[in-house]
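Under the working numbering, think of the first position of the sequence shown as 917, with each following residue one higher.
Below you'll find the structure, written out as structure tokens, and then a few comments.
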Amino acid sequence: MGKPAPPVLGEGLYERRISLRPADVVLLRAHLEASEGLAAFFAEHGGEVLLATTEGLCSELDRFLADLAEEMPIWGPDAPRATTGG
């Protein structure tokens, strides 16, 4: 199910840490904006991204990421298992 987000994000939020090619970060953000309310998006450095969502939306976010991984490489600690990257 993921791990609770650090307290800075607030109690009850869960995180997904992923990495993408820097050019794909914009595309990920556009897809998230079209999925209103699915997750908060925090771009860190390079292609590192932190997504925060509620417990009730964790499964939906995981499905969203799995679908997106068919379009672009996603890797990192919370990446869908079928993808690789680097």
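Don't be surprised by glycine CBs; every beta carbon is placed ideally from N, CA and C.
Item: Extract the residue ranges of the alpha helix (DSSP H) inside the segment 952 to 998, only unbroken runs of 4 or more that lie entirely within it.; Value: 974 to 984
Item: Are the segment 955 to 969 and the segment 929 to 936 touching, with three or more C-beta to C-beta distances below 8 Å?; Value: yes
Item: In three-state DSSP terms, what is leucine 929?; Value: strand
Item: Quick check: phenylalanine 957 and leucine 943, are their CB atoms within less than 8 Å of each other?; Value: no
Item: If we ignore side chains and look at the alpha-carbon of each, how far apart do arginine 997 and glycine 928 end up?; Value: 25 Å
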